[in-house]
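Participant: In the working numbering, the protein residues as written are 688 to 927. All C-beta atoms, glycine included, are put in the ideal place defined by N, C-alpha and C. If you're wondering where the values come from, they're calculated on a predicted model, not measured in any experiment.
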C-alpha cells in the first residue's frame with residue numbers, strides 16, 4: 688500500500704506548500720497529492736480552494752491574481768502562520784523539485800468543477816513533460832470530462848476518478864471500460880463488498896482522506912493500492 692501525502696504533510700505543515708511537500712518526502716511518503724488551478728495569466732498554481740480566504744486570509748479567487756502576485760501570498764493561515772512565509776507555489780516550481788525525486792510520484796488533482804479552466808489539462812501536461820515526469824504522475828478529478836481530455840491529449844500518465852458522498856456499487860466495470868486506472872473514493876463511502884468489487888475488476892483504489900490509525904489499518908487489510916492522508920507519518924508507522 689502506497690502512502691500518499693494529501694496536500695503534502697498537511698496534518699502538520701501548511702497544505703499545498705513547498706514546505707509540506709518537502710517534509711512529506713523527507714519522512715518517506717511514496718507520493719504526494721496536490722490540487723491545481725489557473726491564475727489570471729494562465730499559469731498552473733497549486734492550491735486547493737478556488738477562493739483564497741481559508742488558506743491565505745485574502746479575498747478573491749485564484750483567477751483574480753497573476754502567478755507573480757500569488758507567489759507573494761502566504762498560504763499558512765490554516766496553521767496560524769506559525770511557519771512564517773509559505774507562499775502559494777506554482778506547479779512548475781513543484782515539478783522542478785520532484786525532478787530530483789524520481790522514485791516518488793505525484794497525484795495531480797485537476798480542479799475543474801464547478802469552475803472549469805480552459806486548457807488547464809494542456810498546460811499541466813506541458814509542464815509535466817518539460818520535467819520528464821509523465822511516468823511519475825496520476826491525474827485525478829471529480830470531473831470525468833477532465834480525465835477524458837487528459838487521456839485524449841495522449842499522456843502516458845495514469846488517471847484516477849474521484850467520488851464522494853454516494854454508495855459505489857456496480858461501477859467498477861464502467862471505470863475499467865473508460866480506461867481509467869484508479870478509483871479515488873472517500874473512505875467513508877466504502878464497505879468490504881464495494882472494495883472487493885473494484886479489486887476483482889482490477890481497478891486500482893487510492894482512498895482518501897484517512898487520518899486515524901484504526902482506519903488506516905482497515906485500508907491495509909483491504910490491500911488497496913494507495914492511502915491518501917494528511918498524516919503520512921502515521922501511515923508509514925503501520926504499513927512498513
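Would you mind working out which of 694, 688, 698 sits nearest residue 899, comparing C-alpha positions?
Facilitator: Ranking the options by Cα distance to residue 899, first place goes to 698.
Participant: What are the partner residues of residue 895, as DSSP defines its beta bridges?
Facilitator: Note: residue 895 sits in a beta bridge opposite 873.
Participant: Output the distance between the C-alpha atoms of residue 891 and residue 897, rounded to the nearest integer angstrom.
Facilitator: Straight-line Cα distance between these residues: approximately 17 angstroms.
Participant: Please confirm if residue 817 has its CB atom under 8 angstroms from at least one CB of chain D.
Facilitator: The structure shown contains no chain D, having only a single protein chain.
Participant: With H, G and I counted as helix, E and B as strand and the rest as coil, what does DSSP make of residue 851?
Facilitator: Three-state DSSP puts residue 851 in coil, outside helix and strand.
Participant: With DSSP as the reference, label residue 706 as helix, strand or coil.
Facilitator: Correct three-state label for residue 706: helix.
Participant: Opposite residue 689 in the DSSP bridges: which residues?
Facilitator: According to DSSP, which records beta bridges pairwise, residue 689 is partnered with 913.
Participant: If you draw a straight line from the alpha carbon of residue 733 to that of residue 881, how long is it in whole angstroms?
Facilitator: Cα-Cα distance, rounded: 32 angstroms.
Participant: Give the DSSP-derived three-state secondary structure of residue 722 in the structure shown.
Facilitator: Correct three-state label for residue 722: strand.
Participant: Would DSSP call residue 890 helix, strand or coil?
Facilitator: In this structure, residue 890 counts as coil in the three-state DSSP scheme.
Participant: Determine the DSSP secondary structure at residue 776, reduced to helix, strand or coil.
Facilitator: Three-state DSSP puts residue 776 in coil, outside helix and strand.
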